[in-house]
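Chains as they are written, first to last, in my numbering: chain Y, 42 to 247; chain B, 42 to 247. A virtual CB, placed ideally from N, CA and C, is assigned to each residue, including glycine. Reading through the structure tokens given below for one structure.
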């Protein structure tokens with residue numbers, strides 16, 4: 042008989058490299074198990090109801106759904122779910138699935154202010170221990186069509202990996218005239234409140 | 042006779058790897074020429090005067106001094122100077138020069154809110170074209186002595202590379218209970234207004 046291997050105390054239920062890198066850079070040991078929930082289907086259900094849910098709440102519902110689906114497979118383990126919603130007025134944007142869609146989205150965002158809503162949710166077994174949501178406000182400048190074309194040429198397929206087709210930590214910052222809000226919220230994982238919660242659970246050092 | 046080599050249009054007068062990485066990641070071509078001004082001496086002059094200068098202004102004066110000293114050597118070229126000041130109330134902190142000093146500084150910051158003031162200044166020849174300052178407010182949590190000791194053990198001499206002995210993009214985020222302000226300001230280079238200025242000078246694409 043072998044001993045049970047020690048279970049990792051924290052699971053991140055997100056396939057986002059940015060999120061796992063943020064936690065690991067902060068010194069938090071995690072394992073990653075992406076959830077298999079169908080986000081698009083969940084969003085559609087939330088969208089077509091008579092009283093559409095505010096975009097920030099959609100992010101939180103998705104974060105919780107991801108955390109719950111992974112927690113069910115990992116008894117006794119804290120699971121972090123996270124989601125981020127880009128909303129222009131009340132229209133929710135999805136990640137562009139092609140450069141042509143990225144082009145259309147960036148033209149739609151140009152000269153206007155949109156919101157990024159980040160939701161995080163921590164679940165153990167069937168218990169939700171923590172819910173948090175925060176929003177940032179970003180104004181896209183009135184860039185030229187030439188600038189947009191060059192931007193898309195330089196970024197290539199990479200633009201399809203980010204909602205809004207930009208990465209602020211890269212060339213995407215050139216798209217903006219104003220950025221208001223927490224940087225970790227903009228990256229999709231409000232780290233300071235999440236770490237505070239993990240400390241309260243004594244799964245990271247005080 | 043050979044042709045004159047093309048002069049690089051933008052010089053960053055800062056030895057900070059973080060700053061040059063930010064600009065390059067944003068797609069801005071720069072060359073780096075650190076200024077040889079004696080920051081400590083300048084700060085002392087500003088500090089011992091009858092009416093001590095507000096910390097945010099100290100950062101701007103230093104940014105301008107760096108830009109001017111490099112601009113004088115590079116006629117016709119836009120030079121970016123930048124500086125960042127950490128102030129707890131009106132006390133200005135310098136980068137710790139040893140782990141022992143970092144230990145003392147972090148104990149002093151613990152449980153309190155300090156400010157990071159970032160100043161940037163762009164100079165061409167002897168003309169100041171752009172001045173900008175922005176501040177962020179950071180609250181250090183009441184971490185345990187054990188936590189502090191572990192943090193210093195893990196970070197090692199690296200803590201001496203940052204004012205305040207922390208890097209928010211790494212383990213340093215664990216020191217905080219609240220962070221308010223622009224992330225680029227916290228990193229020491231308010232990128233959005235700087236890019237706007239560079240666009241206005243037509244040295245980067247519109």
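Exposed or buried, what is residue i when buried is set at 16 or more other beta-carbons lying within 10 Å of its beta-carbon?
i                      : result
residue 185 of chain Y : exposed
residue 146 of chain B : buried
residue 135 of chain Y : exposed
residue 253 of chain Y : With chain Y running from 42 to 247 in the structure shown, residue 253 of chain Y is simply not present.
residue 45 of chain B  : Low per-residue confidence applies at residue 45 of chain B: pLDDT is 40, beneath 50, and the placement is therefore not dependable, though the value from the model is reported in the following sentence. By the neighbour-count rule (16 or more Cβ atoms within 10 Å), residue 45 of chain B is not buried but exposed.
residue 167 of chain Y : exposed
residue 139 of chain Y : exposed
residue 205 of chain Y : buried
DSSP three-state label for residue i, please.
i                      : result
residue 141 of chain B : helix
residue 53 of chain B  : strand
residue 227 of chain B : helix
residue 5 of chain B   : Nothing about residue 5 of chain B can be reported from this structure: the residues present for chain B run from 42 to 247 only.
residue 122 of chain B : strand
residue 218 of chain Y : strand
residue 134 of chain B : strand
residue 154 of chain B : strand
residue 129 of chain B : strand
residue 67 of chain B  : coil
residue 147 of chain B : helix
residue 164 of chain Y : strand
residue 87 of chain Y  : helix
residue 61 of chain B  : helix
From the beta carbon of residue i, is the nearest beta carbon of chain Y less than 7 angstroms away?
i                      : result
residue 44 of chain B  : Model confidence at residue 44 of chain B stands at a pLDDT of 40, short of 50, so the residue's coordinates are unreliable and nothing is read from them.
residue 55 of chain B  : no
residue 230 of chain B : no
residue 233 of chain B : yes
residue 151 of chain B : no
Report back the beta-carbon spacing between residue i and residue j to the nearest angstrom; my notes put them in contact at under 8 angstroms.
i                      : j                      : result
residue 121 of chain Y : residue 163 of chain Y : 5 angstroms
residue 115 of chain B : residue 52 of chain B  : 6 angstroms
residue 63 of chain Y  : residue 230 of chain Y : 5 angstroms
residue 126 of chain B : residue 99 of chain B  : 5 angstroms
Taking 7 angstroms as the threshold (beta carbon to beta carbon), is residue i in contact with chain B?
i                      : result
residue 171 of chain Y : no
residue 159 of chain Y : no
residue 205 of chain Y : no
residue 123 of chain Y : no
residue 72 of chain Y  : no
residue 147 of chain Y : no
residue 168 of chain Y : no
residue 185 of chain Y : yes
Could you give the residue range of the alpha helix (DSSP H) that holds residue i?
i                      : result
residue 190 of chain Y : 186 to 196
residue 108 of chain B : 96 to 112
residue 236 of chain Y : 232 to 241
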